[in-house]
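The structure under discussion appears below in the form of structure tokens.
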Amino acid sequence: MNTTTQPSPDTSTARLAFQLYAAIGIAVFLLMMVGGATLRATQAAWMPLAPNFAYQLLTLHGAGMVGTAGLAGAAVMWYFLRRHVPLSTGMFLAMLGLSLVGVVMILAAIGLGGYAGAWTFLYPLPAKGMVWGVHAAAGFAGGLVLIGVGFLLFYLDCALALLKRYGSLWRALGLNQLFGSGPLDKSHPPTVVASTMVIIVNVLGILAGAVVLIMTLVNLYLPSVTFDPLLMKNLIFFFGHVFINATIYMAVIGVYEILPRYTGRPWTISRPFLAAWLAITLMVMAVYPHHLLMDYVLPKWMTVTGQVLSYCSGIPVLLVTAIGTLVNIHRSGIKWDLPSRLLVFSIFGWSAGVIPAVIDGVVRVNLVMHNTLWVPGHFHFYLLLGLLPMLLGTLFWACTRSGWKESALDRAAFWTYGVAGTGFCLAFLFGGMHSVPRRFAVYDPAWIGIAQVGTVAATLVLAAAVILGLRLLTRLPRASLTA
Amino acid sequence: MQGLAWSLSLVLMAGVALIFLRVVAGASQPGGDAGTIAAAGYRWRDRLFWVVIVAGVAISFATLRKWPIPGHAAAAATPDVIVRAVGHQWRWELDRDTVRPGELVEFEVTSADVNHGFAIYRPEKSRILAQAQAMPGYTNKLQVRFDEPGDYEVLCLEYCGLAHHAMRAVIKVRADS
């Protein structure tokens, strides 16, 4: 929106790269949704899946969703950031290539090696699975390392381009303007601010992940070399929290760039906007102890930090991006079509999902909610109803050029996705209220009814997602890098 | 506590939904002056910011002033009974499984192998009473006062491998123990 030139060449290779990300992303998301719905049906006693297979599926669902969310989010960031700074298509493809090799290793570890240590690979479980072997656990960890290397290459390319254009990440993040006394340069793109934030936090997050994965590999092959489980837990949750949050902060670039084209109201930077992104940069990295509130041996200041920053983390989302979206569309004469509906809905999903997450971050609540279905309840809210519509809306828009011809099927799929998705997440939260544990392959009779409601909702979400996914795939050949 | 979290979440999420629905309903009508709308919207945003900050300070003070984890407060109460709870794949080892109603029981929770979650469920098993992580090499202390007699089931709430769901124990609260 803020630049008229295209610093990155619009080549057929670049277009193909974007199409590959979109096609693979949609395909994997749909497959992982089938996996998730199957898990819920197993908990509902409607699928006779043996516990070992269920936990393998759980591991695959988690790793697949998080990895694909990262790749698809990176594709949105690349799609728009290349309009402001020159980005390499080769690095973008290298990330995809390394990720695909990593995925093959992960699939082999789970499918052939029987690995079922969950995507969080909580030390020392990978080495003490009792059922899977050392090589299976190493294959899973090695696959994650390769994916991480791919992301680091991509972020390195983005960081170099930003440094060349703006001189420092400080300036790219707009901090010279936030702390300066002069007037703001309104042409500084929000995309650059968001991308810089993601580069800073995710490089550190992935490096922490790489460290803990290497330590895990060392422990796997040299069992006499052990590490402090609390340190490992801190590293794992720092990495996991930062990585999954970065997916949303990459995808939200689509909202900043696309909605103004519908409304004719540019989304420009302001001091609150820059302050919010600075706050997010710091808080995304510092808030991870809210995953460790039930580790009482943690220093008390970390527990307090976890609770307080968990609350504060919701403020930039709700006050800057959500209100910014509402202000941007209010009485704007926006033309509602599938991309615009999905993008606005995604901000609702993100904003609403923050609420149960913040409530769970209160120690007194966490004491009775931690590791219940409350947790997948809130993260599915802002991933299924926030991140995924954000990604879909952006991809639909990239394939639309002169306007999406909306059919009744599109509208039906959108509303089914939204309503059933909300029901699916509420079923999780309701289960959390009733203390139903998360990550249980076999349910007690009292919990099965909740799982059955969740399964019906998941099936409807899946059906709607298949329609949306197929619609997108058929339009993908028309994708444009300059839409 | 669980009911409060659920109700509060529903109310606040419904509030967010209503605001979105209201704005979305009128969004396709043209004619709104962008500058006026932005000024009004950002005035609301600034007010809301201070409301959220004040509420945050109040909530933090109310929930953290008295340390929320019994057994880890600076002046923790002296327990009547200490129970050592050790997690193993996939069973709980309790050095004592029967206590009296009203006794302050301190669980010393740890693990012999991988991470586990030590969660105590009320007898009707619809609500968690309290929980702590069980981690190898560390001991988390958890103080619980069982007011009602009955069988309190212990479940593992940290995924620990293929029989995670079957890792259970029972704490019997008996007046005549």
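As you go down the protein sequences, you meet chains S and C in turn.
Heads up, the first sequence is in UniProt numbering, so the first residue is 1 and it goes up one at a time.
Heads up, the second sequence is in UniProt numbering, so the first residue is 1 and it goes up one at a time.
Think of the CB as a built atom: it goes at the ideal place given N, C-alpha and C, for glycine as much as any other residue.
- Beta-bridge partners assigned by DSSP to Leu104(C): Arg145(C).
- A distance of 8 angstroms or more separates the beta carbons of Met1(C) and Trp90(C).
- Chain C places a beta carbon closer than 8 angstroms to that of Pro124(S), counting this residue as a contact.
- Between the beta-carbon of Phe29(S) and that of Thr68(S) there is about 6 angstroms, and that keeps the pair under the 8 angstroms contact cut.
- For Thr305(S), the closest C-alpha among the options Ala194(S), Ala357(S) and Ala286(S) is that of Ala286(S).
- Contact between the segment 209 to 220 of chain S and the segment 129 to 146 of chain S is present: three or more C-beta pairs spanning the two stretches fall below 8 angstroms.
- Here the alpha carbons of Leu387(S) and Asn245(S) stand approximately 10 angstroms from one another.
- Within chain C, the residues placing a beta-carbon under 9 angstroms from that of Trp336(S) are Val24, Ala27 and Ser28, ordered along the chain.
- Beta-bridge partners of Trp92(C) (DSSP): Gly87(C).
- Considering only Gly150(C), Ser7(C) and Tyr159(C), the residue with the shortest C-alpha distance to Asp176(C) is Gly150(C).
- Within the segment 141 to 157 of chain C, contact with chain S at the beta-carbon level (separation under 9 angstroms) is assigned to Lys141, Leu142, Leu155, Cys156 and Leu157.
- Identification of chain S residues near Pro136(C) by a Cβ-Cβ cut-off of 8 angstroms yields Pro124 and Pro229, ordered along the chain.
- Rounded to whole angstroms, the separation of the alpha carbons of Pro30(C) and Ala136(S) is 59 angstroms.
- A direct Cα-to-Cα measurement between Met135(C) and Glu158(C) gives close to 10 angstroms.
- Here Thr482(S) is exposed, its C-beta having fewer than 16 other C-beta atoms within 10 Å.
- When 8 angstroms is used as the limit between beta carbons, Arg439(S) is near these residues of chain C: Tyr159 and His164, in chain order.
- For Ala62(C), the closest alpha carbon among the candidates Val362(S), Thr394(S) and Leu460(S) is that of Val362(S).
- Using a Cβ-Cβ cut-off of 8 angstroms, Ile323(S) counts as an interface residue toward chain C, since at least one Cβ of chain C sits closer than that to its own.
- For Gly174(S), no beta strand (DSSP E) segment is defined, and its DSSP state is neither H nor E.
- In this chain, the beta strand (DSSP E) harbouring Leu129(C) covers Ile128 to Ala134.
- The beta-carbon of His88(C) is placed no less than 8 angstroms from the nearest beta-carbon of chain S.
- For Asp10(S), no CB of chain C lies under 8 angstroms from its own CB, so it is not counted at the interface with that chain.
- Among the residues of chain C, those whose CB is under 7 angstroms from the CB of Asn52(S) are Leu162, following chain order.
- Put simply, the CB of Asn219(S) is far from chain C, with every gap to its CB atoms at 8 angstroms or more.
- Under the 8 angstroms criterion on CB atoms, Leu326(S) is classed as interfacial with respect to chain C.
- Nearest in C-alpha terms to Val16(C), of all of Asp185(S), Leu153(S), Phe345(S) and Ala412(S), is Phe345(S).
- Residue pairing by DSSP places Asn140(C) opposite Val109(C) in a beta bridge.
- Counting along the chain, no alpha helix (DSSP H) covers Ile120(C); the unbroken beta strand (DSSP E) around it starts and ends at His116 to Tyr121.
- Ala45(S) and Ile448(S) have their C-alpha atoms spaced approximately 7 angstroms apart.
- Short of 7 angstroms from the beta carbon of Val203(S), and not among the five residues preceding or following it, lie these beta carbons of its own chain, in chain order: Leu152 and Tyr155.
- Proximity of Asp295(S) to chain C, defined by a Cβ-Cβ separation below 8 angstroms, is satisfied.
- For Met33(S), no CB of chain C lies under 8 angstroms from its own CB, so it is not counted at the interface with that chain.
- Residue pairing by DSSP puts Tyr152(C) in a beta bridge opposite Ile171(C).
- Cβ proximity to chain S below 8 angstroms picks out Gly56, Ile59, Ser60, Thr63, Leu64, Trp67, Pro68, Ile69, Gly71 and His72 from the segment 55 to 77 of chain C.
- Thr372(S) is bridged by DSSP to Pro437(S).
- Closer than 8 angstroms at the C-beta level to chain C, one finds these residues of the segment 348 to 372 of chain S: Phe348, Ser351, Ala352, Ile355, Pro356, Ile359, Asp360, Val362, Val363, Arg364, Val365, Leu367, Val368, Met369, His370, Asn371 and Thr372.
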